[in-house]
Amino acid sequence: MAGFSDLTVIIPTLNEREDVPELIRILKSSYKGVHIIVSDDGSTDGTKEAVKAIGRKAGNVLFLDRRKKSIHGLTASVVDAALLVRTKKIVVMDGDMQHPPDKVGSIAMALDRNDVVIGVRSTIKNWDLHRRIVSKSVNALAYSTFKMRGRHTTMDMMSGFFGIRSRLFRELISENSGEFTGKGYKVLLDILRLADRSVRVAEIRYDTFQDRRHGRSKLKMMGIHQMPKVLRSVLR
Numbered sequence: 163m164a165g166f167s168d169l170t171v172i173i174p175t176l177n178e179r180e181d182v183p184e185l186i187r188i189l190k191s192s193y194k195g196v197h198i199i200v201s202d203d204g205s206t207d208g209t210k211e212a213v214k215a216i217g218r219k220a221g222n223v224l225f226l227d228r229r230k231k232s233i234h235g236l237t238a239s240v241v242d243a244a245l246l247v248r249t250k251k252i253v254v255m256d257g258d259m260q261h262p263p264d265k266v267g268s269i270a271m272a273l274d275r276n277d278v279v280i281g282v283r284s285t286i287k288n289w290d291l292h293r294r295i296v297s298k299s300v301n302a303l304a305y306s307t308f309k310m311r312g313r314h315t316t317m318d319m320m321s322g323f324f325g326i327r328s329r330l331f332r333e334l335i336s337e338n339s340g341e342f343t344g345k346g347y348k349v350l351l352d353i354l355r356l357a358d359r360s361v362r363v364a365e366i367r368y369d370t371f372q373d374r375r376h377g378r379s380k381l382k383m384m385g386i387h388q389m390p391k392v393l394r395s396v397l398r
C-alpha cells in the first residue's frame with residue numbers, strides 16, 4: 163500500500179521490547195511514508211533502545227520518553243503524543259501485536275469520510291474468565307450510559323485501536339483541559355464522551371485479536387483495583 167504520509171501511528175508502550183520493533187517494521191513496510199510515535203511510560207526492559215535502533219534505519223519514528231512525567235497512564239501517553247502530531251490522521255494501537263497491523267490502512271482510509279474510526283473486535287480468543295467479565299461489564303455499562311446521555315457509542319467502548327483526525331483530537335484536548343482521564347486506560351471513552359454529536363463515527367471490524375505473546379495485557383494490569391478510574395470516566 164502507498165501514500166500514508168498523512169498518517170501518524172501512536173503506540174503507547176510500557177515494557178514492549180519483545181513486540182514493538184516487529185510492529186514498527188510491519189507498519190513501515192506496509193504503509194509508505196507513515197509516521198510513528200512510540201509514547202513510552204517508563205519502560206525498563208530496553209524498549210527505548212530497541213525503538214531508537216529501528217528508528218535510525220526506518221526513519222520517521224519518534225520515541226517519546228515519558229518516564230519523568232508526573233502523570234502516567236495510557237491516556238496521558240496518547241494525549242502527549244497527539245500534541246506532537248503534524249499529520250492529518252492519527253491511528254492509536256497497542257504495541258504488543260494484539261491489534262492487527264493490516265487494519266491500520268482501512269482505518270486510515272475511512273478517516274477520509276469520518277472523524278473517528280474505531281476498531282471493533284468481532285471475536286475474542288484466549289481470554290480467561292476474569293478478563294471476559296471485566297471487559298463485558300465495563301463495555302455494557304459504558305454503552306448504556308453513553309446511549310442514555312445522547313453521546314457517541316460503539317460496540318467496543320473499551321477499544322484501544324482507533325483512528326481520529328488529528329485536528330479534532332487537538333481541539334478536544336485544548337477545549338477540555340483536565341477532562342481527559344490522564345491516569346486512565348481507555349482514551350477512546352473520553353473522546354466519545356467529549357465529542358460533539360456532529361462528529362462522524364464509524365467502525366472497522368476485526369477478528370484477529372489474540373492474547374499477547376509477551377508480558378501482561380493492559381486489561382490484566384488494570385485489574386479490579388483500577389476499575390473505579392474507568393467507571394469515573396464513564397459516569398463523569
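Numbered according to our numbering, the sequence shown spans residues 163 to 398.
Even glycine gets a Cβ: it sits at the ideal position worked out from N, Cα and C.
Check                                                                                                                                                                 : Outcome
State yes or no: is the C-beta of PHE324 within less than 9 Å of the C-beta of VAL247?                                                                                : no
Provide the residue span of the alpha helix (DSSP H) that contains VAL266, from first to last.                                                                        : 266-272
For the alpha helix (DSSP H) containing ILE107, list its first residue and its last residue.                                                                          : Not covered by the structure: residue 107. The range shown for the chain is 163 to 398.
Please state the DSSP three-state secondary structure of PHE331.                                                                                                      : helix
With a threshold of 7 Å on Cβ separation, who are the neighbours of ILE353 within its own chain once the five nearest residues in sequence on each side are excluded? : VAL278, ILE326, LEU334
Leaving out the 5 sequence neighbours to the left and right, which residues in its chain are closer than 8 Å to SER284 when beta-carbon positions are compared?       : ARG367, TYR368, ASP369
Checking contacts by CB at 9 Å: is GLY204 closer than that to chain B?                                                                                                : No chain B appears in the structure shown, which is made up of a single protein chain.
Taking GLU184 as the reference, give the member of ASP258, GLY322, VAL171, SER201 with the closest Cα.                                                                : ASP258
Considering only residues of the same chain and omitting the five flanking positions on each side of ASN177, which have a CB-CB separation below 7 Å?                 : SER205, THR206, ASP207, THR209, GLY377
I need the DSSP call for LYS382, collapsed to helix, strand or coil.                                                                                                  : Any reading at LYS382 needs caution, since the residue's pLDDT is 45, under 50, leaving its predicted position unreliable; the model's value is listed next. Helix.
I need the DSSP call for ASP369, collapsed to helix, strand or coil.                                                                                                  : coil
Provide the residue(s) that pair with ALA174 in DSSP beta bridges, ordered along the chain.                                                                           : One point to set straight first is that residue 174 is Pro, not Ala, in the sequence displayed. Looking at the DSSP assignment, PRO174 forms a beta bridge with SER201.
Between LEU356 and ASN338, what straight-line distance do the alpha-carbon atoms span, to the nearest angstrom?                                                       : 8 Å
For ILE233, tell me which candidate among ASP203, HIS261, LEU245, ILE216 has the shortest Cα-Cα distance.                                                             : ASP203
Check for me: the alpha helix (DSSP H) holding LEU185 runs from which residue to which?                                                                               : 182-192
Under 9 Å between the Cβ atoms of PHE166 and ALA244?                                                                                                                  : no
Applying the criterion that 16 or more other CB atoms from any shown protein chain within 10 Å of the CB defines a buried residue, is ILE295 buried or exposed?       : exposed
Any idea if ALA302 is buried or exposed, counting beta-carbon neighbours within 10 angstroms, 16 or more meaning buried?                                              : exposed
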